[in-house]
Amino acid sequence: MHKKFLFLLSIFIIAGVLLAACQPAQTAAEEPAAEEPAAETVEEEAVSEDPAAVAASLPREETLYFNGQQWGSVVCWNPYSSNCNNAMALAQQDNARVTMFETPYLYDMLDGKVYPLLADGDYAWDAGMTQITFKINSAAHWSDGTPVTAEDVAYTWATHVKYNTQFGAANKAYIDTIEAPDASTVVVKAVLGEDGKALNPLLVQAYLSSNYVIQKAWTEALEARTNGDAAALMADIAEDAVFSGPYHKFFTDDTKVVMIRDDNYWGQDSSMFGKLPVPKYLAHVIYKDNAAGTTALQAGEVDVSQQFNSNVQDLWLKDNLPISTYLPEAPYNIGASLPTAFFNMASYGLDQVAVRKAIAIAVDYDTIISNAMTNQSATFTQVPRSLMNPTPGEQALFDHDAVADLQWAGKDIEGANKLLDDAGIVDTDGDGWREYDGKKLQYIATCPNGWSDWQAAIEVVAAAGKEIGIDITTNYPEWSVYQTVVTNWPLPETGYDIFMMWSDGAGPTQPWGRIRHLLSSEFAQTTNNWNGNWGGYKNADADALIQEIPTLTDATALKADYTELVKIYLTDVPSFTLMYRPQAFHTVNESVWTNFPHEGDGTSPAVPPLDLTDGWSIAGLYNLTLVK
Amino acid sequence: MKTALQQVFHSRKFVTGFAIFMAILLTVFLYPLIIQDEPLAILGQGNFFPPGIYVNIYDSIHSKSYVLNLKDAASKRIGKILTDQSRQDIKEWLVSYGVPEDQIDINDTESLLSQWEENYDSSISLPGMTFAKQRYFQRLDESVNGLLSSEGVVISEVNQETGNLDQTNTIDQSEYVHINEVANVRILPLGTDNFGRDVLTELVKATGVSLKIGLIAGVVATLIGLTLGLLSGYVGGLVDDIIMFVTNLFTVIPSFVLLILISFSIGQDNRGATTIAVVIGLTSWVWTARAVRSQVISLRNRDHVNLSKLSGHSTAHIILNDILPYIASYVVMALILQVSSAILSEASLSILGLGPRTTEVPTLGLMMNWAMIYQAHILGKWWAYFPVIVVIALITFSMNLMNTGLDQVFNPTLRD
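Chains as they are written, first to last, in the working numbering: chain A, 42 to 669; chain B, 8 to 423.
Quick look at the structure:
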């Protein structure tokens, strides 16, 4: 028996050793293969300039370095895909990234207007509000030298619809067709509502500044090689993509992304920028985390930083580095989005307005802003809460006096306690916690693990609960779990009572788009919901107003509707904003380059602080000069 | 027993280690009795306030004032703002603006500042000057504004009835307050952390929690190791084979990797301090088991054990009465090492973000974790992490010292 046992043990151990031995054997087999590309590289170098060699030591005075955009290595260069993880080249959004591919118009978040890029002159709605017409700039041409035509715009849309890309799916309820009556004229036909006018003119307009124009010939080549298979078309890495923008792929690996200027870029035509953008290379080293990015920024290895650098003012006040932000003082950047805590309407007691509002007014927002955001957000005394971001354009859209009584600045423990007492939600069994209908009010506040500023904010929310007799504890699941849970209704019974998500920033459809995502019941209690209203709030009045606003042209009526929506939001409190956050962080180091956009820099139209890559901020690339 | 204790306390190493450990333990118990703040209360609005004494400005204004005519008060006030560097910078600006260099005397504060006031205009952008530098001069201009004034500061209050500002007080430059007469003075010996919490209060609480984690983990690990070691060593045979097979398996797998995997899989909502302690204990018993086993094997054929067997005592009785006492000193030493390594394990786990759930209780590892997330090490906020490292080092150092002391007493080969 004993011997048998030992024998069995030995067998196990030998098997284990053998299995383990397989591993190195495979590696050994792979090794020679790994050497081959290296050999090729050497040959190429001899023939022409090898990107890898150049990228290894880019000329500093011709390269603009970024951080905070690209995390992990690039997957593809395909403008039809939404999973390329290619932050330097691809982002079709409110402020579209126009380094490689271009949109007809560029949005400027500072004045809320759009300026023509591929388009020539302004776009125009027809008298009946059914279609938009605009011209294509005759100077615009692709990287292969062929002109950009209206047919390209039409074919791009047709492809989005045919293969149901993310961009097609998001817009096809509002855009019917895009047609090209001649080579330079584009007609965008809207889906019409019952009144015979465009169902949602805002979203139709927004398409023109948020979606790329892609070359028809290249798209046809792509379709041919993927045999009309939608999944294959969107998964294609598209390294051969024909583009119209000023930069394109030079080199990528898992440590960096480098784009190089196209010296034949059409934008040097006098009808557009009149010259080429200044830096020859745009480079983004892939950093491990924010701390590594900050260190690189301090060392002058990064010129434009799009990441949260905590206590950013220390970089110039204490370290005396040539670093600055868009604004000289806190909040240092222009707040554009509103990170928000949502109430799960299905949680016990959170269907009661009194409970929701009590929690919201008890929270100490000043501590969130000073400690979690290190003052990189305006306070709620500076910009009282509403549904609008702090930009002057949005702030002008509602009647401040009409909602003043409903707004709160936070830390109002007395008011919160009174609200709960008046609603009859009191502590009946003397354990220090309030009960609703005999059941203790007990919630978990949550946000993804590792999102440090959000975590710190959620801690402050939980602390407020303890002050008003509501037991709030915190929990931080991993993002992979968190995102699946909050985007799929119903939320679990516990664990997600109060949870943080984002809301829209600045863009051509804002603030309407943000309000829709916060309040509209079209997203309430749905699955695979990446839009908003994750708490499941429903209000027919709000829905009616949200539907009406895009069709309004009268400023007074518009203001009345927005004011009404703010009133509903502040009365019902389905969610509450915890801080203001910039559209993009924009911290620059002037060790090598200077003349970055900053407040009062005299540019007209003003270049927004969006890292010189998004929307109208790309114009900033033409103003850069070297520090002597 | 008594002589053993006497011997132990004659070991200088043990006594030093014991004293350090006791000092830490006493602080953990006594500190909360004196400073009764919540360890996790958020005091500061803003992060990483430096260590020091904080005096309430509002209360200072309303405190009794003493006039002290100190000779160097004005020059100190000026020197705080107008450093040698900023004098150089002012000169640099003036020169590049066009003021002849020989007309500038950077040591003559009055003339330097009047030249500055005369020429500086924040809207002027000198050629070749970066924007960061322009902002630097704007800030410098603001800070030197009124620097040479000998006037006091006027304190005004809003009149509730009229809404006007009524002057209530003026404060001269030579007025002082006695710090004891200011109602609110707060000493933050170690400043605040990223949440604005008092680091010292938090650190004391965290030390307590970490010691608790260490103790639970140490006891769990030692109990498992001891039981398995005793059984395996004394019973032998198949039992020994099985136990040693399992033990060897655990020896091969690095216990820290196991710890990471287990902590990750139980998920954050279940990771309380006690759970983490138990998990650490469950993964670190291996070498105790092996060592106890080898000790027991050498003991089991001694005469007194055989005698006990012949007397018909049960296995449990023999293990408890005839074997355990002989390895007791060794077990105590093993326990001490287990406790100190468990404290280190908790710190390593928490730094990876796999420690106990944040903000219910602080632990040493969590304090390090948050300091790192908020980049204290990059920004030079040493007080947020360095004291934590010192405490961890002191705890493990004192325990290892005690262990070495014990070893010298109980291990015959090491005796002097």
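The C-beta atom is built at its ideal place from N, Cα and C for all residues, glycine as well.
None of the values given here were measured: they were computed from a predicted structure.
- A direct Cα-Cα distance of roughly 19 angstroms separates D303 of chain A from T666 of chain A.
- DSSP, read as helix, strand or coil, puts W166 of chain A in strand.
- Looking from the CA of E353 of chain B, the closest CA among B:R307, B:G221, B:A296 belongs to B:G221.
- For K140 of chain B, the nearest CB of chain A lies under 9 angstroms from its own CB, placing it at the interface with that chain.
- If you draw a straight line from the Cα of L197 of chain B to the Cα of A30 of chain B, it is about 19 angstroms long.
- As DSSP reads the structure, Y484 of chain A sits in a beta bridge with A:I513.
- A contact is defined here as three or more CB-CB pairs under 8 angstroms, and the stretch 453–463 of chain A meets this definition with respect to the stretch 389–405 of chain A.
- Contacts with chain B (Cβ-Cβ distance below 7 angstroms) from the stretch 332–363 of chain A involve A332, T335, T336, S351, N352, D355, W357, P363, listed in chain order.
- Taking 3 residues as the shortest admissible run, the stretch 595–633 of chain A contains the following complete beta strand (DSSP E) segments, listed from N- to C-terminal end: 616–618, 628–630.
- Residues of chain B whose Cβ lies closer than 7 angstroms to the Cβ of K154 of chain A do not exist, since the nearest Cβ in that chain is about 25 angstroms away.
- Less than 9 angstroms divides the Cβ of L356 of chain A from the Cβ of T628 of chain A.
- Going by C-alpha positions, L105 of chain A is about 20 angstroms away from N305 of chain A.
- In terms of Cβ geometry, T226 of chain A and T174 of chain A form a close pair [threshold 9 angstroms].
- Its Cα nearest to that of A272 of chain A, the residue A:Y121 stands out among A:Y121, A:W112, A:T144, A:Y196.
- The DSSP assignment places 322–325 as complete runs of the alpha helix (DSSP H) inside the stretch 315–343 of chain B, in order along the chain (cut-off: 4 residues).
- Secondary structure of S346 of chain A (DSSP, three-state): strand.
- Contacts with chain A at 9 angstroms (Cβ-Cβ) do not include M375 of chain B.
- Ranked by Cα distance from T199 of chain B, the options B:M379, B:L289, B:P58 are led by B:P58.
- Against chain A, a Cβ distance below 7 angstroms from T137 of chain B picks out P363, E631, T635, V668.
- For Y241 of chain B, the enclosing alpha helix (DSSP H) begins and ends at 206–242.
- Here the alpha carbons of A280 of chain B and G372 of chain B stand approximately 11 angstroms from one another.
- Rounded to the nearest angstrom, the Cβ distance from H325 of chain A to N108 of chain A is 7 angstroms, consistent with a contact under 8 angstroms.
- With a 10 Å radius around the Cβ and a threshold of 16 neighbouring Cβ atoms, T10 of chain B comes out exposed.
- Taking 7 angstroms as the Cβ-Cβ cut-off, the stretch 442–462 of chain A has no residue approaching chain B.
- Against chain A, a Cβ distance below 9 angstroms from G203 of chain B picks out T408, S411, N412.
- Restricted to the stretch 324–381 of chain A, the alpha helix (DSSP H) segments that are unbroken, complete and at least 4 residues in length are 331–339, 355–358, listed in chain order.
- Scanning chain B for C-beta atoms nearer than 8 angstroms to the C-beta of H639 of chain A yields F138, reported in chain order.
- The beta carbons of T254 of chain B and L235 of chain B sit closer together than 9 angstroms.
- In this structure, the straight-line span from the alpha carbon of A335 of chain B to that of S318 of chain B is close to 24 angstroms.
- With a minimum length of 3 residues, there is no unbroken run of beta strand (DSSP E) contained wholly in the stretch 87–125 of chain B.
- Linking Q417 of chain A to S93 of chain B through their CA atoms gives a straight-line distance of about 27 angstroms.
- Listed as beta-bridge partners of N176 of chain B by DSSP are B:I162.
- Annotated three-state conformation of P649 of chain A is coil, per DSSP.
- Any Cβ of chain B closer than 9 angstroms to the Cβ of E500 of chain A would place that residue at the interface, and such an atom is present.
- Annotation for M313 of chain A: no alpha helix (DSSP H) segment contains it, and DSSP assigns it neither H nor E.
- A check of alpha carbon separations from W259 of chain A across A:L240, A:D193, A:V245 identifies A:D193 as the nearest.
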